[in-house]
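Student: The following block contains the structure, expressed as structure tokens.
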Amino acid sequence: MFKGLAQKVYELTGENVYLCFQCGTCSGTCPLVDVMDVPPNQVVRMIQLDMEEVLDANTLWICASCYNCTVRCPRGIDTARVINALRNIKMRKGLYVVNLRKVPEVGELPQLALVAASRKLMG
Numbered sequence: 001m002f003k004g005l006a007q008k009v010y011e012l013t014g015e016n017v018y019l020c021f022q023c024g025t026c027s028g029t030c031p032l033v034d035v036m037d038v039p040p041n042q043v044v045r046m047i048q049l050d051m052e053e054v055l056d057a058n059t060l061w062i063c064a065s066c067y068n069c070t071v072r073c074p075r076g077i078d079t080a081r082v083i084n085a086l087r088n089i090k091m092r093k094g095l096y097v098v099n100l101r102k103v104p105e106v107g108e109l110p111q112l113a114l115v116a117a118s119r120k121l122m123g
């Protein structure tokens, strides 16, 4: 049905990234988009274009899994789940290396982002 990275994401999540028409709602509602190197809508676009470089984006680790993007997506794409799938793909490839010096320091975070990050880390 799909190919490349889109197929891997589909196998892990059941999400069809080709439904995305790049409206940007996910990026517009993300509380951490200002510190991401690749906004969520562009992450999805890179998957559509089978650009493996998306696996190197700091966005994968900055995403707080707050699900703002998922709740507001007019096409019903669970963008947070897609980003989580990319993290899993990267870890399975043995490419999981986070250089903390490359992660930007964030002085203030919205409470929602902190709660979501805590949930993600605690399972």
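The numbers in the UniProt record's numbering rise by one with no breaks, and the one at position 100 of the sequence shown is 100.
Backbone N, C-alpha and C fix where the C-beta goes; we use that ideal spot for every residue, glycine too.
Note that this is a predicted model, so its numbers are computed, not measured.
#1: In the structure shown, what three-state DSSP assignment does residue 110 receive?
#2: Have a look at residue 28 and residue 3 and give me their C-alpha separation to the nearest angstrom.
#3: If residue 85 and residue 9 are in contact, beta carbons under 8 Å, what's the gap, nearest whole angstrom?
#4: Could you give the DSSP three-state label for residue 84: helix, strand or coil?
#5: What did DSSP end up calling residue 123 once you bin it into helix, strand or coil?
#6: Cβ of residue 66 less than 9 Å from any chain C Cβ?
#7: Quick check on the DSSP output: the alpha helix (DSSP H) that includes residue 11 runs from which residue to which?
Tutor: The answer reads as follows:
#1: Looking up residue 110 in the sequence shown gives position 110. Residue 110 falls in the coil class under three-state DSSP.
#2: Mapped onto the sequence shown, residue 28 falls at position 28. Mapped onto the sequence shown, residue 3 falls at position 3. Taking the straight line from one Cα to the other gives about 28 Å.
#3: On the sequence shown, position 85 is the one that residue 85 refers to. On the sequence shown, position 9 is the one that residue 9 refers to. Contact flag correct, Cβ pair sits at about 5 Å.
#4: By 1-based counting over the sequence shown, the position of residue 84 is 84. It is helical.
#5: The residue given as residue 123 occupies position 123 in the sequence shown. With a pLDDT of only 47 at residue 123, under 50, the local geometry of the prediction cannot be trusted, and no value is derived from it.
#6: Among the chains in the structure shown there is no chain C, since it carries only a single protein chain.
#7: Translated into positions along the sequence shown, residue 11 becomes position 11. First-last of the alpha helix (DSSP H) with residue 11: 4 to 13.
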